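> Below is a structure I'd like to ask you about.
There are 2 protein chains.
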Amino acid sequence: MTAQAPTETLGPEADLARVFDLAQQLRVDSVRASTSAGSGHPTSSLSAADLMAVLMTRHLRYDWDDPGNPANDHLVFSKGHASPLLYAMFRAAGVVAEDELLNTYRRFGARLEGHPTPVLPWVDVATGSLGQGIAYAVGIALAGRDLEGQPYRVWTLCGDSEMAEGSVWEAVDKAGRHRLANFTAIVDVNRLGQCGATELGWDTAAYARRIEAFDCRALTVDGHDVGAVDRALTTAADGKAPTVVIARTVKGRGVGEIADHEGWHGKPLPEELAGRAVAELGGVRHLLARGPRPPAGTQADRPPAGPVELPRYDVGEDVATRSAFGKALAALGARPDVVVLDAEVGNSTHAEDFKKAYPQRYFQTYIAEQQMIAAAVGMAARGYRPYAATFAAFLTRAHDFIRMAAVSRATLALSGSHCGVEIGADGPSQMGLEDLAMMRAVHGSTVLYPGDATSATALTAAMADLPGISYLRTTRGAYPVLYPADETFPVGGSKTPRRSDQDTVTLVGAGVTLHECLAAADQLADEGIRARVVDLYSVKPLDAETLARAARETGALVVAEDHHPEGGIGEAVRSALGAERLAPALTHLAVTVLPGSGTTAELLDEAGISRNHIVRAARALTGR
Amino acid sequence: MTAQAPTETLGPEADLARVFDLAQQLRVDSVRASTSAGSGHPTSSLSAADLMAVLMTRHLRYDWDDPGNPANDHLVFSKGHASPLLYAMFRAAGVVAEDELLNTYRRFGARLEGHPTPVLPWVDVATGSLGQGIAYAVGIALAGRDLEGQPYRVWTLCGDSEMAEGSVWEAVDKAGRHRLANFTAIVDVNRLGQCGATELGWDTAAYARRIEAFDCRALTVDGHDVGAVDRALTTAADGKAPTVVIARTVKGRGVGEIADHEGWHGKPLPEELAGRAVAELGGVRHLLARGPRPPAGTQADRPPAGPVELPRYDVGEDVATRSAFGKALAALGARPDVVVLDAEVGNSTHAEDFKKAYPQRYFQTYIAEQQMIAAAVGMAARGYRPYAATFAAFLTRAHDFIRMAAVSRATLALSGSHCGVEIGADGPSQMGLEDLAMMRAVHGSTVLYPGDATSATALTAAMADLPGISYLRTTRGAYPVLYPADETFPVGGSKTPRRSDQDTVTLVGAGVTLHECLAAADQLADEGIRARVVDLYSVKPLDAETLARAARETGALVVAEDHHPEGGIGEAVRSALGAERLAPALTHLAVTVLPGSGTTAELLDEAGISRNHIVRAARALTGR
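Respectively, the protein sequence lines represent chains A and B.
If you're matching positions, the first sequence starts at 0 in numbering that gives the first Met the number 0 and goes up one per residue.
If you're matching positions, the second sequence starts at 0 in numbering that gives the first Met the number 0 and goes up one per residue.
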């Protein structure tokens, strides 16, 4: 296929009749791309083509020659499955060739993936898990207005099915609460989901009531009336209010044989039908759409980073790692790229310490963990280094968002406090006992679990320069500082606070169990058993070398973790040793009970991970 | 402390002045219990005491002598941290003694845990992770009306902070959509969350707008005016509409020194202040509250289970395990306790097959995975055996609900389809690559991953009788049936479809990688390498014995899984072997790349888990 020169360039002043032609081109290309790929969602693209044609010619202020222009508007396809439409827009913008669209979409190795990801320079965030794009858009809008001071607008295209996701209402709520006048969501109400009619069908009034109740402006339009759409988007861009355009549309619009028909979700048109559809849509076009350019940026140069002076602790003083996290965060605020997000537990996670020092870079998302992570991803897409913190247990609420953040290639630092049975009386609902498994399994993640304030401080600081998703697990209670302030804690390393040439067993712990291991080692020493103690503050990557050496030198290990047995430290250690062809005598102590309330000591003991259990296991392993 | 006989019994006709006395008793007991425990949330209890006093004397139709009475109303504390209030109500009902309340609350081994769990006979579901109780209540209300045909009402007490959770709006939406006239939520709008003012403060009109926009009836009251509360609850119980009572209250109400003060969330009153508070509240009382009894149940005896005739497949025919799951579900519908929940992907997961046969036991929750799991937990609490299915990737959306379902001791069967890179062109947003780690780490879970239709059928059926949370991972594509229909697949077992005494390597797979292992074994056989193949259809519990035998007999293993390397099959195998003191030569093949689009074969190969990679690994291990 040879490159086809555009027949005409549509600018912001283009007549609406020509904009409709562009919409037809987007439809034709959506049909062609998905039929060629043999999969995809053409009907979900056809319904939104008029909306997007109007947006890209007249409202989206975007420098297609410089996607990095900081004043560019942002467009997030929350309905990521409408990727044929998005990619057809890229072709219309002249940045993706017809050949690439038709011959690489959904193919192996192609950047035009089944759902959009930031491997494309015009895509900020990965979408495809529904109810997420709109939430990221809120984060980008917050960054634009409150961090960057940029004039850009953020536009997001939502499907109607995804409006059933609670996360959408967290997002709309935050758009309303923050009065994000630079935020516009466009809901493509095409009535049909994957399994038939959606919950609200074409009841656009119901959507409007909900949007308004969540304090955003609702504009209801016929999504195929390009004039009405243009007027709505003009209003949306008036800078007065966060806006949701509720567009009544027809799924498969423009192709009579399938329009508004059930059974066509996620199905490409067979070749023959595709041919008829292209003809019905007026055939292949080669319009170039170049809408308004971004306004000159008002980019205030980000202030230079001040010196980061991390707190120092004296060995032996009792400090909770969550407290050290908060104080380190506050110190890191000297870096102007660091932002902090809370889910209304900042006085528990100690993220609040940052707020006192840098209130303008502290975002309270209230108890909406999904939106907390989404806002962090949006800010990360704008170059910030977000730290988001809640209880470790409640990060599970945002698991899908964390998973997708990795697909977005986002860099963010998460902290989960109140891990394990250590928390005591509050009981299992508040105990993070699955978080290590969750966070280790995230693509490209780093998982850190400091046992004292010095290491918590160093690792909190290290996270500001780690790529990808990093996670810091912190503990509720205060425990003695173990390391002097100048000690270093490389990611992937470990510490060996107890060690001798006569060690006959190694006790491996992290967080609270590190302290239990140290106490156990003391007791074992009294009994004449020399125990090495390894502090696995870096759970992923793991210091396999030190563990292997310990296994070889001592021959026996006790691994104790305040987490369920699966997916945590024990399995990580076993795997690391197995990879070295080592199968030492190893006792894995983890939380196998369903805990209740109690003191820390009682619950550690009941769970079998206390110093007593470690001593017992070590005795058994050493034959004593 | 000696048991104190009640001074007076308040029945449904009790004067409202006496009901207020009961509220003061609940306050006094909330203060005493939390001060005695040294932790807890008295101020969050004080705000709701009037609401609960009115509810329990005049509206909650409950047979305290028989918590198993199927016509009993249900009360779910969505704000589970107000447990002092709930337990004070149990004392007022005469089912918990004063001694137990004051001397065991939050203590080790006690049933009066920090947050309520079903170890108490009057508690249906565990709460404490906010935004969940209201969602469970919707499930119980659905069960009562649509499954049991019982006249009970479901009441749930929510906090105002938790209204920021998207899951709450999924729940309100479903209450509205299903017109659950037996459902009433009471929102305790005390204005103060953990970190200060809530998002909406005392803007009860804003709450009302949102509730009404989500199609429930909103009633706004002064939550300390017992007469007004009584009228609102009377209206709520009129059987006309799902209702949310928005009660304006004061946190810490009744104790002047702390009422409406910030900084008192989750803090017990110090002894002296508690003493003054009890005095201010009128001192210790011993009122017994016995409200209305439940109406005579209309319990239609559940129809007897018909014979379950599971589908049978011929060895060699191509069938997707997700398809086998759906057909097995439809067969299991002969059991009247089996119910199925979908999140608008039933035509992908094949859960929809059940709908065709048993539409009255099929619940469409649309794209609201949290509510899907919550409704399942609610139905499980009523004795049903729910199966809930969506894409494996999207079960992560409900991780916190799944975790809490285990704390609720719920029995439910989950199925996640479209696991791994196997799905092909749709790309990473749709690929379940973390689900095994997530589900293995759930307390008491069972994790199953069938490789063919016969095993998928048997395991789907087995799940109907498994305790706790069970999970079936299914695959998108169709693969040959491997086992004859009469083969059995015990949970905790495995199959060894290839085996000889000359095996020099064992290939371990499950799901799609089982087929890759079989193909690899064929190719290796051509090269003169005899490979054993193990089908790990039961990932948790794991057949450690067969794996250990294979390690001993063949000396080398290749484990291939369509999942990230952490927390899945590879680590489970390594741990099982390590526990047997075995460290065979083992190559663990898992998805370490961030995949894009492509065909199944391309993506399996790129991820390094295809037959080619298995062959290469086996060759290397066997020195060929």
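Note that the Cβ used here is the ideal one computed from N, Cα and C, for glycine as well.
Small disclaimer: the values here were computed from a predicted structure and weren't measured.
Answer with buried or exposed for Val283/A, where buried requires no fewer than 16 other C-beta atoms within 10 angstroms of its C-beta.
In the first sequence, residue 283/A corresponds to position 284, counting from 1. It counts as exposed.
> Would you say the stretch 442-455 of chain B touches the stretch 321-329 of chain B, given that touching needs at least three Cβ pairs under 8 Å?
Yes, the stretch 442-455 of chain B is in contact with the stretch 321-329 of chain B.
> Cβ closer than 7 Å: which chain B residues qualify as neighbours of Trp168/A?
Within the first sequence, residue 168/A is the residue found at index 169, counting from 1. Here the neighbours are Gly165 and Trp168.
> If I follow the unbroken alpha helix (DSSP H) through Gly226/B, where does it start and stop?
What you label residue 226/B is simply residue 227 of the second sequence in a count that begins at 1. Here the alpha helix (DSSP H) through Gly226/B covers Val225 to Ala235.
> Measuring CA to CA, which of Arg57/A, Ala391/A and Gly566/A is closest to Gly431/A?
By one-based count along the first sequence, residue 431/A stands at place 432. Of the listed residues, the one whose Cα sits closest to Gly431/A is Ala391/A.
> Taking Gly569/A and Val557/A to be in contact with their CB atoms under 8 Å, please state how far apart those CB atoms are, rounded to whole angstroms.
By 1-based counting over the first sequence, the position of residue 569/A is 570. By 1-based counting over the first sequence, the position of residue 557/A is 558. That belief does not hold up - the Cβ atoms of Gly569/A and Val557/A are roughly 10 Å apart, past 8 Å.
> Leaving aside the five residues before and after Glu270/B along the sequence, list all residues of the same chain whose C-beta is less than 8 Å from its C-beta, in chain order.
Taking the second sequence and counting its residues from 1, the one referred to as residue 270/B is at position 271. The residues are Thr34.
> What does Trp168/B pair with, by DSSP beta-bridge criteria?
Within the second sequence, residue 168/B is the residue found at index 169, counting from 1. According to DSSP, Trp168/B bridges with nothing at all.
> I need the straight-line Cα distance from Leu640/A to His114/A, nearest angstrom please.
Shown here, chain A extends from 0 to 623; a query on residue 640/A therefore has no answer.
> Let me know if Thr6/A comes out buried or exposed under the rule of 16 or more other beta-carbons within 10 Å of its beta-carbon.
As a position in the first sequence, residue 6/A is number 7, starting the count at 1. Exposed.
> Could you compute how far the alpha carbon of Arg230/A sits from the alpha carbon of Val18/A?
In the first sequence, the residue the question calls residue 230/A occupies position 231. In the first sequence, the residue the question calls residue 18/A occupies position 19. The alpha-carbon atoms of Arg230/A and Val18/A are separated by roughly 14 Å.
> Leaving aside the five residues before and after Ala142/A along the sequence, list all residues of the same chain whose C-beta is less than 7 Å from its C-beta, in chain order.
The count along the first sequence starts at 1 and reaches residue 142/A at position 143. Closer than 7 Å at the Cβ level, and outside the excluded window around Ala142/A, lie Gly377, Met378, Arg381 and Tyr383.
> Could you check what DSSP says for Thr505/B in three-state terms: helix, strand or coil?
Here residue 505/B refers to the residue found at position 506 when the second sequence is read from its first residue. Three-state result, Thr505/B: strand.
> Using the three-state DSSP reduction, which class does Asp521/B fall into: helix, strand or coil?
In the second sequence, the residue the question calls residue 521/B occupies position 522. Helix, per DSSP.
> Check the C-beta distance from Gly79/B over to Thr126/B and give it rounded, since I have them as a contact under 8 Å.
Within the second sequence, numbered from 1, the residue matching residue 79/B stands at position 80. Within the second sequence, numbered from 1, the residue matching residue 126/B stands at position 127. Yes, they are in contact, since the Cβ atoms of Gly79/B and Thr126/B sit about 3 Å apart, within 8 Å.
> Could you tell me if Ala196/B is buried or exposed, where buried requires 16 or more neighbouring beta carbons within 10 angstroms of its beta carbon?
Counting from one through the second sequence, the residue named residue 196/B turns up at place 197. Counting Cβ neighbours within 10 Å, Ala196/B comes out exposed, since fewer than 16 surround it.
> Compute the Euclidean distance between the alpha carbons of Ala174/A and Arg216/B, then round it to the nearest angstrom.
Mapped onto the first sequence, residue 174/A falls at position 175. Mapped onto the second sequence, residue 216/B falls at position 217. In a straight line, the C-alpha of Ala174/A is about 25 Å away from that of Arg216/B.
> Below 6 Å CB to CB, which residues in the same chain sit around Gln501/A once its five sequence neighbours on both sides are set aside?
Residue 501/A sits at position 502 when you count from the first residue of the first sequence. Closer than 6 Å at the Cβ level, and outside the excluded window around Gln501/A, lie Arg529.
> Per DSSP, what are the beta-bridge partners of Val558/A in this structure?
By one-based count along the first sequence, residue 558/A stands at place 559. Beta-bridge pairing links Val558/A to Val507/A and His587/A.
> Do Asp187/A and Ser46/A have their beta-carbon atoms positioned less than 8 Å apart in this structure?
Counting from 1 along the first sequence, the entry for residue 46/A is found at position 47. Counting from 1 along the first sequence, the entry for residue 187/A is found at position 188. Contact: yes.
> Where do the N-terminal and C-terminal ends of the beta strand (DSSP E) with His73/A fall, by residue?
In the first sequence, residue 73/A corresponds to position 74, counting from 1. Note, His73/A: beta strand (DSSP E), His73 to Phe76.
> Mind checking whether Val420/B and Leu603/B have CB atoms under 8 Å apart?
As a first step, residue 420/B must be located in the second sequence, where it is residue number 421. As a first step, residue 603/B must be located in the second sequence, where it is residue number 604. It is a contact, given that the beta carbons lie within the stated cut-off.
> In chain order, which beta strand (DSSP E) runs of at least 3 residues are fully inside the stretch 13-87 of chain B?
Complete beta strand (DSSP E) runs here, min 3: 73-76.
> Would you say Leu576/A faces chain B, with C-beta separation under 8 Å as the test?
As a working note, residue 576/A is residue 577 in the first sequence. Leu576/A counts as touching chain B.
> Please confirm whether Pro385/B and Leu411/B have their CB atoms less than 8 Å apart.
Counting from one through the second sequence, the residue named residue 385/B turns up at place 386. Counting from one through the second sequence, the residue named residue 411/B turns up at place 412. Yes. Within cutoff.
> Identify each residue in the stretch 456-468 of chain A for which the Cβ-Cβ distance to at least one residue of chain B is less than 9 Å, and report them in chain order.
Residues: none.
> Tell me which same chain residues have a C-beta within less than 8 Å of the C-beta of Ala227/B, skipping the five on either side of it?
What you label residue 227/B is simply residue 228 of the second sequence in a count that begins at 1. Around Ala227/B: Val220 and Asp221.
> Run down chain B in chain order and give the residues with a C-beta less than 7 Å from the C-beta of Ala440/A.
Indexing the first sequence from 1 puts residue 440/A at position 441. Neighbours of Ala440/A on chain B, chain order: Glu433, Ala436, His563, Glu565 and Gly566.
> Would you mind sorting Ala204/B into buried or exposed? The rule is 16 or more other CB atoms within 10 Å of its CB.
Counting from one through the second sequence, the residue named residue 204/B turns up at place 205. Its Cβ having fewer than 16 others within 10 Å, Ala204/B is exposed.
> Could one say the Cβ of Cys516/A lies closer than 8 Å to chain B's Cβ atoms, at least one of them?
As a first step, residue 516/A is located in the first sequence; it is residue number 517 there, counting from the start. By this cut-off, Cys516/A is not an interface position.
> Within 10 Å of its beta-carbon, does Ala16/B have 16 or more other beta-carbons around it, so buried, or fewer, so exposed?
Here the question's residue 16/B lines up with position 17 in the second sequence. Exposed.
> Tell me which residues share the same chain as Thr320/B and place their Cβ nearer than 6 Å to its Cβ, disregarding the 5 neighbours each side in the sequence.
Within the second sequence, the letter at position 321 stands for residue 320/B. Correct list, in chain order: Pro449, Ala455, Thr473 and Thr474.
> Is there a Cβ of chain A sitting closer than 8 Å to that of Met0/B, yes or no?
What you label residue 0/B is simply residue 1 of the second sequence in a count that begins at 1. Caution applies to Met0/B, whose pLDDT of 44 falls short of 50 and renders its modelled position unreliable; the value that the coordinates give is listed next. Closer than 8 Å: no.
> The stretch 190-222 of chain A: which residues have C-beta closer than 8 Å to a C-beta of chain B, in chain order?
Within the stretch 190-222 of chain A, the qualifying residues are Gly192, Gln193, Cys194, Thr197, Glu198, Ala205, Arg208, Arg209, Glu211, Ala212, Phe213 and Asp214.
> When you compare the CB of Gly345/A with every CB in chain B, is at least one pair closer than 8 Å?
Counting from one through the first sequence, the residue named residue 345/A turns up at place 346. It does: the Cβ of Gly345/A has a partner Cβ on chain B nearer than 8 Å.
> Tell me which residue opens and which closes the alpha helix (DSSP H) that Asp336/B is part of.
If you number the second sequence from 1, residue 336/B lands on position 337. Looking at the DSSP string, Asp336/B is not in any alpha helix (DSSP H), and its letter there is neither H nor E.
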